[in-house]
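Chemist: Start counting the sequence shown at 5; every next residue gets the next number (this note's numbering).
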Amino acid sequence: MLHDGSLKLARGHRVQHEPAQGCDVLLYPEGVVQLNESAAIILKQVDGKRSAMDIAAELNRQYPGEDLTADVREFLEIAYARGWIT
Numbered sequence: 005m006l007h008d009g010s011l012k013l014a015r016g017h018r019v020q021h022e023p024a025q026g027c028d029v030l031l032y033p034e035g036v037v038q039l040n041e042s043a044a045i046i047l048k049q050v051d052g053k054r055s056a057m058d059i060a061a062e063l064n065r066q067y068p069g070e071d072l073t074a075d076v077r078e079f080l081e082i083a084y085a086r087g088w089i090t
């Protein structure tokens, strides 16, 4: 289960834009995951300083009109379970 502290990408993981594929990807020692736009936006907020709630608040500020908190939290839970973030 995701904790309430600051989140960071797991060791060896990074988000990178791949021009040939026209999208952002998550690179890690075992492979690569093609990210949709929402996933890339969320993972780019994971900086080792912000919590899930901080990230949701920032994205709610950037994209007003809809509360994204539940969606952000759900994605971060999945990313945590897959070992992409710690």
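Glycine residues also receive a C-beta, built at the ideal position from the N, C-alpha and C atoms.
Can you say whether D71 is buried or exposed, counting buried as having 16 or more other CB atoms within 10 angstroms of its CB?
Modeler: Answer is exposed; the Cβ neighbour count stays below 16.
Chemist: What's the C-alpha gap between V19 and S42?
Modeler: Cα to Cα, V19 sits roughly 13 Å from S42.
Chemist: Could you please give the first and the last residue of the uninterrupted alpha helix (DSSP H) stretch that includes Q38?
Modeler: Run containing Q38: none in the alpha helix (DSSP H); it sits in the beta strand (DSSP E), G35 to Q38.
Chemist: Inspect the CB distances between the stretch 73-81 and the stretch 25-32 and report whether three or more fall short of 8 Å.
Modeler: Touching, no.
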